[in-house]
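Reading through the structure tokens given below for one structure.
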Amino acid sequence: MSKSVNKALGVCALCTLTALAGCFVDRSGLAGLEGPGPRASCTPACEQGGVCVVTDCFCEPVDYTGPSCSEWIDDCAGVDCMNGDCLDRVRSASCDCHEGWAIDQGGLCTVQLLSCETPNACINGSCDDSSGQVLCVCEPGFEGTNCNIPVGCGSPPEGPPNSETGETTGTEFGDVVVFGCQWGFGPGYDSVTCQADGSWETPMLECEDIDECAFGLGLCNPFGTERCNNEYGSFECECSDGRNGTYCYERD
Numbered sequence: 001m002s003k004s005v006n007k008a009l010g011v012c013a014l015c016t017l018t019a020l021a022g023c024f025v026d027r028s029g030l031a032g033l034e035g036p037g038p039r040a041s042c043t044p045a046c047e048q049g050g051v052c053v054v055t056d057c058f059c060e061p062v063d064y065t066g067p068s069c070s071e072w073i074d075d076c077a078g079v080d081c082m083n084g085d086c087l088d089r090v091r092s093a094s095c096d097c098h099e100g101w102a103i104d105q106g107g108l109c110t111v112q113l114l115s116c117e118t119p120n121a122c123i124n125g126s127c128d129d130s131s132g133q134v135l136c137v138c139e140p141g142f143e144g145t146n147c148n149i150p151v152g153c154g155s156p157p158e159g160p161p162n163s164e165t166g167e168t169t170g171t172e173f174g175d176v177v178v179f180g181c182q183w184g185f186g187p188g189y190d191s192v193t194c195q196a197d198g199s200w201e202t203p204m205l206e207c208e209d210i211d212e213c214a215f216g217l218g219l220c221n222p223f224g225t226e227r228c229n230n231e232y233g234s235f236e237c238e239c240s241d242g243r244n245g246t247y248c249y250e251r252d
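With the numbering used here, the residue at position 137 of the sequence shown is 137, and numbering never jumps.
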């Protein structure tokens, strides 16, 4: 993933065109090319939310590994929670303590939960021990005996047509997935967040064909003097006599 400069506003804009040499966002918010580069192409295709960067699948932060991000990572392997159950999370493991136990500083269930004064009794929630039993009421987005487990949303949703998945911070409450339009489509990017009820927001991005030629991006030779013909999701340069190549950069 690259960061780009909005040349109209002079600020940074997120660009998810991972395989391009560089890109920018014009004053209309449409993504454009700054120096032609190759399209991303991963074989086999990336799975489980992995992102294709040029020719390799980038799996983090999803909980898979391997050439196509298809191999599940068991983060609970070798973890003994003592008085609780191990929950396999994204790139980490958490202990969900049995009733009457709380987690210690190392994240294991070794502390007897005797009252609300017990450390880590209800980490992300309110505590009530008026009945003689410690009860936790978790805040939205958290669960578990001690309210220490973020709610999970599962694999990120599919992006809209002509889009690609960009930066992903994780798949738990509050995590964000960015979707960006593929090269040749706009307008730009959008993000969705894992919500407290364990569901993903719905991507609202609509990626439509960009007429690269109409924006005068100088795609056909360095001075933009060759004829540019727009195509769906792309463009084609019509070279004059004495020039050749995809972008009419080369001289005969």
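A virtual CB, placed ideally from N, CA and C, is assigned to each residue, including glycine.
Everything numeric in this text was worked out from a predicted model, so none of it was measured.
Cutoff 7 Å; reference residue i; Cβ partners in own chain excluding five residues on either side
{"i": "S70", "result": "E47, Q48, Y64"}
{"i": "D190", "result": "F179, P203, M204, L205"}
{"i": "S234", "result": "G184"}
Cβ neighbour criterion (16 or more within 10 Å) applied to residue i
{"i": "Y232", "result": "exposed"}
{"i": "E172", "result": "buried"}
{"i": "S255", "result": "There is simply no residue 255 to check, as the chain begins at 1 and stops at 252 in what is shown."}
{"i": "G78", "result": "exposed"}
{"i": "P44", "result": "exposed"}
{"i": "G245", "result": "exposed"}
{"i": "T225", "result": "exposed"}
{"i": "G166", "result": "buried"}
{"i": "G242", "result": "exposed"}
{"i": "L113", "result": "buried"}
Cβ separation of residue i and residue j, assumed to be a contact under 8 Å, to the nearest whole Å
{"i": "T193", "j": "G174", "result": "7 Å"}
{"i": "C147", "j": "C153", "result": "Actually they do not touch by this definition, with Cβ atoms about 18 Å apart."}
{"i": "S199", "j": "C181", "result": "S199 to C181, Cβ: 24 Å. No contact."}
Sub-8 Å separation of residue i and residue j beta-carbons
{"i": "S68", "j": "C57", "result": "yes"}
{"i": "P160", "j": "E206", "result": "yes"}
{"i": "W101", "j": "N83", "result": "yes"}
{"i": "V238", "j": "R227", "result": "Residue identity differs from the one stated: residue 238 is Glu in this sequence, not Val. Yes, Cβ-Cβ distance for E238 and R227 is below 8 Å."}
{"i": "T55", "j": "C42", "result": "yes"}
Cβ neighbours of residue i in the same chain (closer than 6 Å, five flanking residues each side left out)
{"i": "E236", "result": "N229"}
{"i": "G125", "result": "C136, V137, C138, E139, C147"}
{"i": "D104", "result": "T110, V111"}
Sequence-distant residues of the same chain with beta carbon closer than 8 Å to residue i, five excluded per side
{"i": "C116", "result": "C122, C127, D128, D129, V134"}
{"i": "D74", "result": "D88"}
{"i": "S155", "result": "Q48, G49, V62, T171"}
{"i": "D85", "result": "C95, D96, H98"}
{"i": "T118", "result": "A102, V111, Q112, V134"}
Proximity test, residue i beta-carbon vs the ligand NAP heavy atom, cut-off 7 Å
{"i": "T193", "result": "Because no ligand of any kind appears in the structure shown, any question about the ligand NAP cannot be addressed here."}
Closest by C-alpha distance to residue i, when choosing among the options
{"i": "W72", "options": "R91, D96, A45, I149", "result": "R91"}
{"i": "L108", "options": "C97, L114, D209", "result": "C97"}
{"i": "W183", "options": "S155, D85, E212, V176", "result": "E212"}
{"i": "V177", "options": "A196, G188, P157, F185", "result": "P157"}
{"i": "E208", "options": "E143, Q195, S94, F185", "result": "F185"}
{"i": "P150", "options": "Q195, L113, T118", "result": "Q195"}
{"i": "G106", "options": "L113, S94, E99, N221", "result": "S94"}
{"i": "T169", "options": "C42, G50, V111", "result": "G50"}
{"i": "F142", "options": "D197, L113, C220, D88", "result": "D197"}
{"i": "T221", "options": "F215, Y247, I210", "result": "What sits at residue 221 in the sequence shown is Asn, not Thr. Of the listed residues, the one whose Cα sits closest to N221 is Y247."}
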